[in-house]
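Asks: As they're listed, the protein sequences go chains A and B. The first sequence begins at 488 in the numbering used here and counts up by one. The second sequence begins at 28 in the numbering used here and counts up by one. Using N, Cα and C, we set each Cβ at its ideal position, and we do this for glycine too. Right, I'll just put the structure down here and ask away after.
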Amino acid sequence: SAVISQKPSRDICQRGTSLTIQCQVDSQVTMMFWYRQQPGQSLTLIATANQGSEATYESGFVIDKFPISRPNLTFSTLTVSNLSPEDSSIYLCSVELGQGRENYGYTFGSGTRLTVV
Amino acid sequence: SQQGEEDPQALSIQEGENATMNCSYKTSINNLQWYRQNSGRGLVHLILIRSNEREKHSGRLRVTLDTSKKSSSLLITASRAADTASYFCATEGRGTYKYIFGTGTRLKVLA
């Protein structure tokens, strides 16, 4: 099954700056997903990243605020731009677990805890 | 939105007791999964149940699915302090590839 390395695990950032989060997968995957988890809340899907095409964003999320790169089948980055305190959340990436999500579900990175001050 | 609603929001039990969490959703699904999250970290996949399945077991976990009621339950038997975590259901809507997560149940198992 896929193993994800997500970096950084946590960061404290100043308002107005940006943070780039990296996810490295130990096997090739078609789709990678980025989620946000606000304090005490459930996970909300930000976007789906396919290699070689632009990410598909969910309602309420825009590329200018959350640019995503997907340069190859094992790596993706999510940038959270122009940070404000409301962006303080845990950000997680995920990929299919094993051969097909319908059988095995998804595996998640360990998350990036972002605090904006 | 087909976000699942989970109840209870929080549950506190003694070690050795059983814990039951429920998830309801709004639209037809391909499958439903349960995840565990410890202390706001990454999620761990527990079990997946397909829409044509009614019950599934994995170790101390038992999951049921009632598609007519659009609901699922997760039973943890003989709970342990290490089971203390938040538990989320996630549904894949029919015809989509995306998972939508429920609101979660915070389980606390007291030693």
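Which class does Pro558 (chain A) belong to by DSSP, given the choice of helix, strand or coil?
Replies: Looking at Pro558 (chain A) - three-state DSSP - the assignment turns out to be strand.
Asks: I want to verify the contact list: residues of chain B whose CB lies under 9 Å from the CB of Thr594 (chain A), in sequence order.
Replies: Those within 9 Å of Thr594 (chain A) in chain B are Gly69, Leu70, Val71 and His72.
Asks: Specify the secondary structure class of Ala117 (chain B) as computed by DSSP and reduced to three states.
Replies: The answer is strand: DSSP assigns Ala117 (chain B) an E or B state.
Asks: Kindly indicate if chain D contains any beta-carbon less than 7 Å away from that of Ser597 (chain A).
Replies: In the structure shown, chain D does not exist; the protein chains are A and B.
Asks: Indicate whether at least one CB of chain B lies closer than 7 Å to the CB of Ser529 (chain A).
Replies: Closer than 7 Å to some Cβ of chain B, the Cβ of Ser529 (chain A) qualifies, so yes.
Asks: Give me the Cβ distance between Ser563 (chain A) and Cys510 (chain A), rounded to the nearest whole Å; I'm assuming they're in contact under 8 Å.
Replies: Rounded, the Cβ-Cβ distance is 5 Å, consistent with contact.
Asks: With a threshold of 8 Å on Cβ separation, who are the neighbours of Ile40 (chain B) within its own chain once the five nearest residues in sequence on each side are excluded?
Replies: Closer than 8 Å at Cβ, skipping near neighbours: Ala46, Ser106, Leu134, Lys135, Val136 and Leu137.
Asks: I'd like the list of long-range same chain contacts for Arg523 (chain A), defined as Cβ closer than 6 Å, with 5 residues on each side in sequence excluded.
Replies: The residues are Thr531, Ile533, Ser576 and Tyr578.
Asks: Determine the extent of the beta strand (DSSP E) in which Asn57 (chain B) is found, giving its start and end residues.
Replies: First-last of the beta strand (DSSP E) with Asn57 (chain B): Ile56 to Gln64.
Asks: With distance defined between alpha-carbon atoms, name the residue in B:Glu32, B:Gly31, B:Gln36 and B:Asn49 nearest to Ile103 (chain B).
Replies: Answer by Cα proximity: B:Asn49.
Asks: Within a Cβ cutoff of 7 Å, which residues of the same chain sit near Leu603 (chain A), ignoring the five residues on either side of it in sequence?
Replies: Per the sequence shown, residue 603 (chain A) should be read as Val rather than Leu. For Val603 (chain A), where only same-chain residues beyond five positions count, the Cβ hits under 7 Å are Cys500, Arg502, Leu570, Ser571, Pro572, Asp574 and Ser575.
Asks: Quick one: what does DSSP say Asp513 (chain A) is sitting in, helix, strand or coil?
Replies: Of the three classes helix, strand and coil, the one that applies to Asp513 (chain A) here is coil, per DSSP.
Asks: Please say whether Ile56 (chain B) and Gly120 (chain B) have beta carbons closer to each other than 7 Å?
Replies: Yes, the pair counts as a contact, with Cβ atoms nearer than the cut-off.
Asks: Between Leu601 (chain A) and chain B, is the shortest Cβ-Cβ distance under 7 Å, so that the two count as touching?
Replies: With 7 Å as the cut-off, Leu601 (chain A) does not count as an interface residue toward chain B.
Asks: Identify the contact partners of Gly131 (chain B) in chain A, using a Cβ-Cβ distance below 7 Å as the criterion.
Replies: The contacting residues are Ser529.
Asks: Given that Thr561 (chain A) touches chain B, what residues does it touch there, using C-beta distances under 8 Å?
Replies: Ordered by position in chain B, no residue passes the 8 Å Cβ test against Thr561 (chain A), which lies about 18 Å from the chain.
Asks: Between Leu70 (chain B) and the rest of its own chain, which residues show a CB-CB distance below 8 Å, the 5 nearest in sequence each way excluded?
Replies: Once the five neighbours on either side are set aside, the close Cβ partners of Leu70 (chain B) are Tyr62, Arg63, Gln64 and Phe115.
Asks: Mapping DSSP to helix, strand and coil, what is Ala105 (chain B)?
Replies: In this structure, Ala105 (chain B) counts as coil in the three-state DSSP scheme.
Asks: Would you say Thr566 (chain A) and Ser492 (chain A) are within 7 Å of each other, going by their C-beta atoms?
Replies: No, the pair does not count as a contact, with Cβ atoms beyond the cut-off.
Asks: Apart from the five residues on each side of it in sequence, which residues of its chain come closer than 6 Å, Cβ to Cβ, to Ser113 (chain B)?
Replies: Answer for Ser113 (chain B): Gln64, Gly131 and Arg133, listed in chain order.
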